[in-house]
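Okay, so here's the structure we're looking at.
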Amino acid sequence: MDWQGQKLAEQIMQIMLLVFAVTAFVAGYVLGSFQMMVLVYACGVTLTGLITIPNWPFFNRHPLNWLDPSEAEKHPKPQVTVISKKKGSKKTIEPAHRLDPSLPTANLVTLAR
39 MDWQGQKLAE QIMQIMLLVF AVTAFVAGYV LGSFQMMVLV YACGVTLTGL
89 ITIPNWPFFN RHPLNWLDPS EAEKHPKPQV TVISKKKGSK KTIEPAHRLD
139 PSLPTANLVT LAR
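Residue numbers (this note's numbering): 39 to 151.
Right, dumping it as structure tokens:
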């Protein structure tokens with residue numbers, strides 16, 4: 039299941055559960071039966087599960103194109119270097135490109151411990 043398929047499955051699930059909850063409440067109120075309300079809602083939850091849990095083909099309309107391993111080796115991950123400061127017990131983690139300007143830029147990460 040792709041990302042758009044997951045979003046679609048969640049939207050279908052939320053709509054169906056809401057519709058069955060309202061339907062179950064109305065049926066239970068009209069018939070004056072709590073048992074009927076629970077039964078209608080349980081059937082709705084089961085039907086919702088059967089529709090949204092399996093990996094149906096319409097959830098796979100936008101497949102992901104993964105990078106070939108040979109292409110991934112051409113673009114290495116940025117190196118991270120730990121710099122320790124003497125003041126207090128804080129440590130900052132900065133990408134290597136801040137230490138070596140010849141490396142490509144990447145997202146900056148600073149963590150305080």
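In this text, a Cβ means the ideal position worked out from N, Cα and C, and glycines have one as well.
Since we're looking at a predicted model, the values are computed, not measured.
- A direct Cα-to-Cα measurement between residue 89 and residue 44 gives close to 12 Å.
- Note on residue 78: 16 or more other CB atoms within 10 angstroms of its CB, so buried under the neighbour-count rule.
- Annotation for residue 101: 40 place their beta carbon closer than 7 Å to its own, counting only its chain and skipping 5 residues before and after.
- Counting along the chain, no alpha helix (DSSP H) covers residue 70, and no H or E run does either.
- The C-beta of residue 58 has 16 or more other C-beta atoms within 10 Å across all chains shown, which makes the residue buried.
- With contacts defined by Cβ atoms closer than 9 Å, residue 75 and residue 63 form a contacting pair.
- A Cβ-Cβ contact shorter than 9 Å links residue 99 with residue 42.
- Burial is judged here by how many other beta carbons sit within 10 angstroms of a residue's own beta carbon; residue 87 has fewer than 16 and is exposed.
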